[in-house]
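Visitor:
Protein chains: 2
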Amino acid sequence: MLNTQVTSKQSPSVPTIKDVAKAAGCSTATVSRALATPEKVSDATRERVNQAIAQVGYAPNIAARNLRRAESKTIVALLPDISNPFFSEIISGMEDVAHQAGYQILIGDCEHDPARAEAYFRLLSTNQADGIVLLTSEIPKTLIKQADGQADGQADFPLVMACEFFSDIDLPLIAIDNHQASCQAIDYLVSLGHQRIATLTGPAGNPICLERLRGYRDTLSVHGLIDQVCVAEGDFSFRSGFQQGLALLDNAQRPTAIFCHSDEMAVGVLKAARQLDITVPGQLSVVGFDNIGLSEYCDPELTTISQPRNEIGQQAMQSLLHLLRGERVIRRQTLSSHLIVRKSTGRVSG
Amino acid sequence: MLNTQVTSKQSPSVPTIKDVAKAAGCSTATVSRALATPEKVSDATRERVNQAIAQVGYAPNIAARNLRRAESKTIVALLPDISNPFFSEIISGMEDVAHQAGYQILIGDCEHDPARAEAYFRLLSTNQADGIVLLTSEIPKTLIKQADGQADGQADFPLVMACEFFSDIDLPLIAIDNHQASCQAIDYLVSLGHQRIATLTGPAGNPICLERLRGYRDTLSVHGLIDQVCVAEGDFSFRSGFQQGLALLDNAQRPTAIFCHSDEMAVGVLKAARQLDITVPGQLSVVGFDNIGLSEYCDPELTTISQPRNEIGQQAMQSLLHLLRGERVIRRQTLSSHLIVRKSTGRVSG
DNA sequence: CTGAAAGCGCTTACAG
DNA sequence: CTGAAAGCGCTTACAG
Numbered sequence: 001m002l003n004t005q006v007t008s009k010q011s012p013s014v015p016t017i018k019d020v021a022k023a024a025g026c027s028t029a030t031v032s033r034a035l036a037t038p039e040k041v042s043d044a045t046r047e048r049v050n051q052a053i054a055q056v057g058y059a060p061n062i063a064a065r066n067l068r069r070a071e072s073k074t075i076v077a078l079l080p081d082i083s084n085p086f087f088s089e090i091i092s093g094m095e096d097v098a099h100q101a102g103y104q105i106l107i108g109d110c111e112h113d114p115a116r117a118e119a120y121f122r123l124l125s126t127n128q129a130d131g132i133v134l135l136t137s138e139i140p141k142t143l144i145k146q147a148d149g150q151a152d153g154q155a156d157f158p159l160v161m162a163c164e165f166f167s168d169i170d171l172p173l174i175a176i177d178n179h180q181a182s183c184q185a186i187d188y189l190v191s192l193g194h195q196r197i198a199t200l201t202g203p204a205g206n207p208i209c210l211e212r213l214r215g216y217r218d219t220l221s222v223h224g225l226i227d228q229v230c231v232a233e234g235d236f237s238f239r240s241g242f243q244q245g246l247a248l249l250d251n252a253q254r255p256t257a258i259f260c261h262s263d264e265m266a267v268g269v270l271k272a273a274r275q276l277d278i279t280v281p282g283q284l285s286v287v288g289f290d291n292i293g294l295s296e297y298c299d300p301e302l303t304t305i306s307q308p309r310n311e312i313g314q315q316a317m318q319s320l321l322h323l324l325r326g327e328r329v330i331r332r333q334t335l336s337s338h339l340i341v342r343k344s345t346g347r348v349s350g
Numbered sequence: 001m002l003n004t005q006v007t008s009k010q011s012p013s014v015p016t017i018k019d020v021a022k023a024a025g026c027s028t029a030t031v032s033r034a035l036a037t038p039e040k041v042s043d044a045t046r047e048r049v050n051q052a053i054a055q056v057g058y059a060p061n062i063a064a065r066n067l068r069r070a071e072s073k074t075i076v077a078l079l080p081d082i083s084n085p086f087f088s089e090i091i092s093g094m095e096d097v098a099h100q101a102g103y104q105i106l107i108g109d110c111e112h113d114p115a116r117a118e119a120y121f122r123l124l125s126t127n128q129a130d131g132i133v134l135l136t137s138e139i140p141k142t143l144i145k146q147a148d149g150q151a152d153g154q155a156d157f158p159l160v161m162a163c164e165f166f167s168d169i170d171l172p173l174i175a176i177d178n179h180q181a182s183c184q185a186i187d188y189l190v191s192l193g194h195q196r197i198a199t200l201t202g203p204a205g206n207p208i209c210l211e212r213l214r215g216y217r218d219t220l221s222v223h224g225l226i227d228q229v230c231v232a233e234g235d236f237s238f239r240s241g242f243q244q245g246l247a248l249l250d251n252a253q254r255p256t257a258i259f260c261h262s263d264e265m266a267v268g269v270l271k272a273a274r275q276l277d278i279t280v281p282g283q284l285s286v287v288g289f290d291n292i293g294l295s296e297y298c299d300p301e302l303t304t305i306s307q308p309r310n311e312i313g314q315q316a317m318q319s320l321l322h323l324l325r326g327e328r329v330i331r332r333q334t335l336s337s338h339l340i341v342r343k344s345t346g347r348v349s350g
């Protein structure tokens, strides 16, 4: 007889479903059913199987189950950059729902590298992942179109976006209304008497930033301030906030308020203001975005827009689970954001 | 004939090794070998197989391979709390090495919950993970002892610790010398003329905090300041830094310097000082730990201790890979930290 | 309600 | 260098 058995590392080799069947005096089929569809097994048998499982210390081999069922019970959370604390609470929300449903989450950090994103998408076709929650629009769009093409219809492709989105590809989306959030921030600044209000955006072309930018322009327009539009571009980081902050502020006609598309950029702007001896909120008001933990601890504490991050994560995972069960899904779920007023904003001086 | 085939979701079903074999005119065994051990296949055959792979668009089904090889090519990175940015660069380092070797990383966020830690450990026995890099000592020790018991010897258990460690369980460890780092920070504060130096630790009993505490005491002792010992306990968070900062500073005999076991706590202390109108560094010096991105952008910029986080992640993964190959591994790798002097520390006033 | 048997997609010891 | 065949640990349609 051939011996092709892979030698196990453990000396007392891990118990399999066969061992349980032997101990319970039934077939492996019955053990499998007792686990997967207990209602199809008689009470007595189910009882014996459960005892046998406890006795031999059995845990199912998930790789085998996944192979047989052609699924992986794994969901990829695709992020632009894991070091941004904005994402951690979203992932917590996703995990709550996922674990409950027997799924695990694989965090895919793209690090702004298309090759990484592609590698994570490939997990779908090799059955290593069942679905993706996409938290970045910074990936090659061809990935989605290819994937989409394979599916029967749009609705069947197990991909859900959260927070970010594409302007030209319609996918199920869970996000706040970025345009409205932006309007609210600018309205507030105008109500404080500000007229020269600049905005510091994320990467050019990022759809959520374009939405926020639109809200910024629209609101200035409403207030007859459209000629005051002043836009700088950052990348959400401390560093870009600092650099662009210097550029905006080191200037006689400098703005009296800056609306930033991330809290980290706002904190960078605070540093730029300090360096130029511009007081906040005395001479400059600063608004951030996201309400990360830091925003309560920087100086001054940051006025910012809060997104329901945990809920976004939960809903995103929920929608993906629906998709995986072949159910229809709401194409667009808009959760509400709100402005949190702290100490980095004040009435315009002079 | 029975039909037990699971219906695939994709209409044109995913090509398997059989399709490649057919297209190349050889057996599946040969295709498999051309992939796994190309040197065992003739040049001509290898060429035909590669063409066939490209032609049918084949990608191996990893679940099947893993089942057969009894491995998962997955490493769990077990963290206390994913929202702490300290870990992100360590994970980057791990990923670099892991991906190169064909492994993927599953981030396990324990959220200070022992049940979560246990669930991640269980992945080892169900062949869903091949090894663990443990970045927290906040897990039930029984998990490790159980696991350890199963292995032939200590050295064979695929577990490596990074940064954190246990006082009473000897596992391969990649970390800085926390005692020495602490001595360096305190020495520096003493050299600035400080005598009343407090320390704000992480959770009581955490071995790395005990090491740092020992360094603190030893250095005060050397300088004849042992009667000045003043210890407060936090949990690494902004919030605990703020609260304990208030407690330490709202006091006539307050310290002139505080050495914190994390940057986030140091930033919390900065806020407490502001609230009490205590100037930093004029009336109070503050030192953090870890050199996270924020430490350059808070006000004042933080003097802190930098750990080579990327390198720690790389070495940890490297060691784990050695272990998985059955090779011996260095039990203790100490990487060097260094003190970064910024603006939150100064000569003692008055 | 239960069992025998096929099959998921690979890998590998054996025989040639 | 190559192929036939067994087997990894499950699940499930079929037959009873």
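In the order they appear, the protein sequences are chains U and E. Residue numbers in the first sequence follow full-length UniProt numbering, run continuously in steps of one, and reach 350 at the last position. Residue numbers in the second sequence follow full-length UniProt numbering, run continuously in steps of one, and reach 350 at the last position. Here a beta-carbon is modelled for each residue, glycine too, at the ideal position from N, C-alpha and C. Every value quoted in this text rests on a predicted model; they were computed, and no experiment measured them.
To the nearest whole angstrom, what separates the beta carbons of residue 233 of chain E and residue 204 of chain E, a pair I think is in contact under 8 angstroms?
Guide: 5 angstroms
Visitor: By DSSP, does residue 202 of chain E sit in helix, in strand, or in coil?
Guide: coil
Visitor: Under three-state DSSP, which class holds residue 345 of chain U?
Guide: Shown here, residue 345 of chain U sits in coil according to DSSP, grouped into three states, outside any helix or strand.
Visitor: How many Å lie between residue 215 of chain E and residue 224 of chain E at the Cα?
Guide: 14 angstroms
Visitor: Listed in chain order, which residues of the stretch 266-277 of chain U have Cβ atoms closer than 8 angstroms to some Cβ of chain E?
Guide: 267, 268, 270, 271 and 274
Visitor: Do residue 91 of chain E and residue 107 of chain E have their C-beta atoms within less than 8 angstroms of each other?
Guide: Yes. Within cutoff.
Visitor: Cβ of residue 329 of chain E less than 8 angstroms from any chain U Cβ?
Guide: At a cut-off of 8 angstroms between beta-carbon atoms, residue 329 of chain E makes no contact with chain U.
Visitor: Below 8 angstroms CB to CB, which residues in the same chain sit around residue 89 of chain U once its five sequence neighbours on both sides are set aside?
Guide: 309, 310 and 313
Visitor: Tell me which residues share the same chain as residue 345 of chain E and place their Cβ nearer than 8 angstroms to its Cβ, disregarding the 5 neighbours each side in the sequence.
Guide: Excluding residues within five positions, the ones whose Cβ falls inside 8 angstroms are 188, 189, 192, 257, 281, 285, 286, 287 and 303.
Visitor: Could you tell me the alpha carbon to alpha carbon distance between residue 41 of chain E and residue 335 of chain U, rounded to whole angstroms?
Guide: Going from the Cα of residue 41 of chain E to the Cα of residue 335 of chain U covers about 58 angstroms.
Visitor: Give every residue of the same chain whose Cβ lies closer than 7 angstroms to the Cβ of residue 149 of chain U, excluding the five residues on either side of it in the sequence, and list them in chain order.
Guide: Because residue 149 of chain U sits at a pLDDT of 47, beneath the cut-off of 50, its placement in the model cannot be relied upon, and the following sentence gives the value as read from the coordinates. So the list is empty, once near-sequence residues are dropped.
Visitor: Looking only at its chain, what residues have a beta carbon closer than 7 angstroms to the beta carbon of residue 185 of chain U, apart from the 5 residues adjacent to it on each side?
Guide: Closer than 7 angstroms at the Cβ level, and outside the excluded window around residue 185 of chain U, lie 259, 287, 305 and 339.
Visitor: If you measure between the beta carbons of residue 267 of chain U and residue 289 of chain U, is that distance less than 8 angstroms?
Guide: no
Visitor: Counting only runs that start and end within the stretch 77-159 of chain U, where is the alpha helix (DSSP H) found for 4 or more residues in a row?
Guide: Runs of the alpha helix (DSSP H) inside the stretch 77-159 of chain U: 86-100, 114-125 and 141-150.
Visitor: Considering only residues of the same chain and omitting the five flanking positions on each side of residue 228 of chain E, which have a CB-CB separation below 8 angstroms?
Guide: Correct list, in chain order: 195, 196, 197 and 220.
Visitor: State buried or exposed for residue 292 of chain U, treating a residue as buried only when at least 16 other CB atoms are found within 10 Å of its CB.
Guide: buried
Visitor: Report buried or exposed for residue 347 of chain E, applying the criterion of at least 16 other Cβ atoms within 10 angstroms of its Cβ.
Guide: exposed
Visitor: Assuming residue 45 of chain E is part of the alpha helix (DSSP H), what are its boundary residues?
Guide: 43-56
Visitor: On the criterion of 16 or more Cβ atoms from any shown chain inside 10 Å, does residue 330 of chain E qualify as buried, or is it exposed?
Guide: It is exposed - the Cβ of residue 330 of chain E has fewer than 16 other Cβ atoms within 10 Å.
Visitor: Less than 6 angstroms between C-beta atoms, sequence neighbours within five positions excluded: which residues of the same chain meet that for residue 82 of chain E?
Guide: 109
Visitor: Hey, quick one: how far does the alpha helix (DSSP H) through residue 209 of chain U stretch, first residue to last?
Guide: 207-222
Visitor: Check whether the stretch 20-30 of chain E and the stretch 42-58 of chain E are in contact - that is, three or more C-beta pairs closer than 8 angstroms.
Guide: yes
Visitor: Does DSSP put residue 304 of chain E in a helix, a strand or coil?
Guide: In the three-state scheme derived from DSSP, where H, G and I count as helix and E and B as strand, residue 304 of chain E is classed as strand.
Visitor: From which residue to which residue does the beta strand (DSSP E) around residue 231 of chain U run?
Guide: 231-233
Visitor: Using only alpha-carbon positions, find the residue among E/160, E/270 and E/103 that is nearest to residue 175 of chain E.
Guide: Nearest to residue 175 of chain E by alpha-carbon distance, out of E/160, E/270 and E/103, is E/160.
Visitor: If distances are taken between C-alpha atoms only, which option among E/222, E/114, E/46 and E/167 comes closest to residue 207 of chain E?
Guide: E/167
Visitor: Helix, strand or coil for residue 183 of chain E, going by three-state DSSP, please let me know.
Guide: helix
Visitor: Since residue 290 of chain E sits in a beta bridge, which residues does DSSP pair it with?
Guide: E/306
Visitor: Below 7 angstroms on C-beta distance, what does residue 298 of chain U contact in chain E?
Guide: 298, listed in chain order.
Visitor: Considering only residues of the same chain and omitting the five flanking positions on each side of residue 235 of chain U, which have a CB-CB separation below 8 angstroms?
Guide: 202 and 203
Visitor: For residue 279 of chain E, count the other beta carbons within 10 Å of its own beta carbon; 16 or more makes it buried, fewer makes it exposed. Which is it?
Guide: exposed
Visitor: Which one of U/341, U/322, U/263 and U/65 has the shortest CA to CA distance from residue 128 of chain E?
Guide: Closest option to residue 128 of chain E, judged by alpha-carbon separation, among U/341, U/322, U/263 and U/65: U/65.
Visitor: In the DSSP assignment, the beta strand (DSSP E) including residue 340 of chain U goes from what residue to what residue?
Guide: Run containing residue 340 of chain U: 338-340, per the beta strand (DSSP E) assignment.
Visitor: Roughly how many angstroms lie between the CA atoms of residue 113 of chain U and residue 124 of chain U, to the nearest whole one?
Guide: When the Cα atoms are used, residue 113 of chain U and residue 124 of chain U turn out to be separated by approximately 18 angstroms.
Visitor: Opposite residue 259 of chain E in the DSSP bridges: which residues?
Guide: E/199 and E/287, per the DSSP bridge assignment.
Visitor: Contact defined as beta carbons within less than 8 angstroms: I believe residue 332 of chain E pairs with residue 134 of chain E. What is the distance between those atoms, to the nearest angstrom?
Guide: Contact doesn't hold; Cβ gap of about 15 angstroms is too wide.
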